[in-house]
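Report on the following structure.
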Amino acid sequence: MAMGNDPKEKYILVGIAERDEEEAYSSLDELADLLDTAGGEALFQFIQKRQHPDPATYIGKGKADELRELIDMHDADGIVCDDELSPSQIRNLTQILDTKVIDRTILILDIFAAHAMTREGKLQVEMAQLKYRLSHLQGLGVSLSRQGGGIGTRGPGETKLETDRRRVKSRIASLNKEIRHLGQMRENTRKRRINGTTPIAAIIGYTNAGKSTLLNRLTEAEVYADDKLFATLDPTTRKCRFPDGTQFLLTDTVGFINKLPHNLIDAFRSTLEEAGFADILIHVVDASDPERDMHIRIVYDTLRELGIEGKPIVTVFNKTDKLPADHDEKLYDERANIGVLTSVKNGTGLDQLFKALADLKESMNLYEN
Ligand SMILES: Nc1nc2c(ncn2[C@@H]2O[C@H](COP(=O)(O)OP(=O)(O)OP(=O)(O)O)[C@@H](O)[C@H]2O)c(=O)[nH]1
Ligand SMILES: [Mg+2]
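Going by the numbering used here, the sequence shown opens with residue 45, and the numbers climb by one from there.
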């Protein structure tokens, strides 16, 4: 991580409960995971109940004064807000709190920057960061000029941005061109694959559900899987042969998350759309997560946003080994053709998954072979 051996930066997590307070707290739990993945440490959660974020200061002015005292008392390095802030919100909060102010989007962009491995992935992240900074220069100038490095400062340097907007814009244009070119090359590879006879299944789902672990289990792929959010950024495709001889090409994809920044969806559209070329979607869900129903909803919302709809779906309720013994809720995804329960870690339920995929393939009449 960019912070090397420095002590971890400590942040207060700040959110707004527009309706349900519990929902706001669990969103902040996820924000804490994001912060942890980015190499920072969450001190505690600070939530204000209000109808809408304050357009000037996100939380109300009075609450901000209260927060300022807490920042001093706990010697925090900054705050992380659970929503994307506007340039003026960043500027005003930075002035009132006299500390570093970052938001969920900056955090996610930062993690993506640290995890991108391929040239295409790196270009896509740079593009998303430049777009975010271009639209936030006014606020970030104040916030970022007061700190040396750390979270939110990975990627393109700040002075470059401030000195010449035009250069940023032309950089974005040239990134666009190169990303398109790489996308074209990927499309050619894909066409060669489609000309083959093996059906393609894309493994999709919320971040940290176990998608890469599943791919690794079913194939020899050694995709990086870790208890981190957004461990995977680049699509990997591997061939897989089930015990009955049925073959599939399996593609691992980047995970989805609540409030995934729009700049990222745009920048990653071409790799995210990899799932759009699959014959079948394998939707992996962390069944042991108390928020699993919300995760399922967000996955389908994101798919819709990407224009990926109407594909046959096998939903894999994974991590059943972590379910409490007295668990009796029904695991159900109304949009899936079939649901199976697995513990990819322990290797249980994989036979049912094979059968589900083979049956679907059969019923779809996919590629006689
Ligand atoms: N207990 C348990 N843990 C699992 C299981 N499957 C995966 N995990 C763990 O869950 C964590 C996330 O797994 P990944 O395969 O990286 O998840 P992913 O969906 O690819 O995540 P991203 O690439 O970050 O979107 C890892 O620590 C895995 O070891 C399971 O069946 N049971
Ligand atoms: Mg992964």
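Don't be surprised by glycine CBs; every beta carbon is placed ideally from N, CA and C.
Kindly provide the ranges of any beta strand (DSSP E) runs that are 3 or more residues long and lie completely inside the segment 245-311, ordered along the chain.
280-285 and 291-296
DSSP puts Asn-362 in a beta bridge; with which residues?
Asp-330
Please return the same chain residues whose Cβ sits closer than 8 Å to the Cβ of Leu-111, not counting the five positions on each side in sequence.
Ile-56, Val-58, Phe-90, Ile-103, Ile-123 and Leu-141
Return the chain-ordered list of same chain residues with a C-beta closer than 6 Å to the C-beta of Leu-226, the five sequence neighbours on each side being excluded.
Cβ contact annotation for Leu-226 (same chain, cutoff 6 Å, sequence separation greater than five): Glu-164, in chain order.
Under 7 Å: does the beta carbon of Ser-179 sit that close to some heavy atom of ligand 2?
no
So which of Asp-370, Lys-213, Ile-244 and Gly-354 has the shortest CA-CA distance to Lys-283?
Ile-244
Buried versus exposed call for Asn-307 [16 or more other C-beta atoms within 10 Å across all chains shown]:
buried
Classify Ile-340 as helix, strand or coil using the three-state DSSP reduction.
helix
Counting Cβ pairs closer than 8 Å, one from the segment 376-396 and one from the segment 242-258, do we hit at least three?
Counting Cβ pairs under 8 Å, three or more are found: they touch.
Is it buried or exposed, Glu-74, if we count other Cβ atoms within 10 angstroms and call 16 or more buried?
buried
Apart from the five residues on each side of it in sequence, which residues of its chain come closer than 8 Å, Cβ to Cβ, to Leu-394?
Arg-261, Leu-262, Thr-386 and Val-388
From the DSSP output, which residues share a beta bridge with Thr-315?
DSSP lists no partner for Thr-315.
Buried or exposed: which applies to Glu-406, given that a residue is buried once 16 or more other Cβ atoms fall within 10 Å of its Cβ?
exposed
For the candidate residues Asp-337, Leu-401 and Phe-292, whose alpha-carbon lies nearest to that of Tyr-250?
The shortest Cα separation from Tyr-250 among Asp-337, Leu-401 and Phe-292 belongs to Asp-337.
Length of the line joining the Cα atoms of Thr-359 and Asp-116
Thr-359 and Asp-116 have their alpha carbons spaced roughly 47 Å apart.
Just to confirm before moving on: does the CB-CB distance between Glu-318 and Pro-287 stay below 8 Å?
Cβ distance not < 8 Å, so Glu-318 and Pro-287 don't count as in contact.
Go ahead and pull the three-state DSSP assignment for Lys-213.
helix
Just to confirm my understanding: we take Leu-367, look at its own chain, exclude 5 residues before and 5 after, and list those with CB closer than 7 Å. What are they?
Ala-331 and Ser-332
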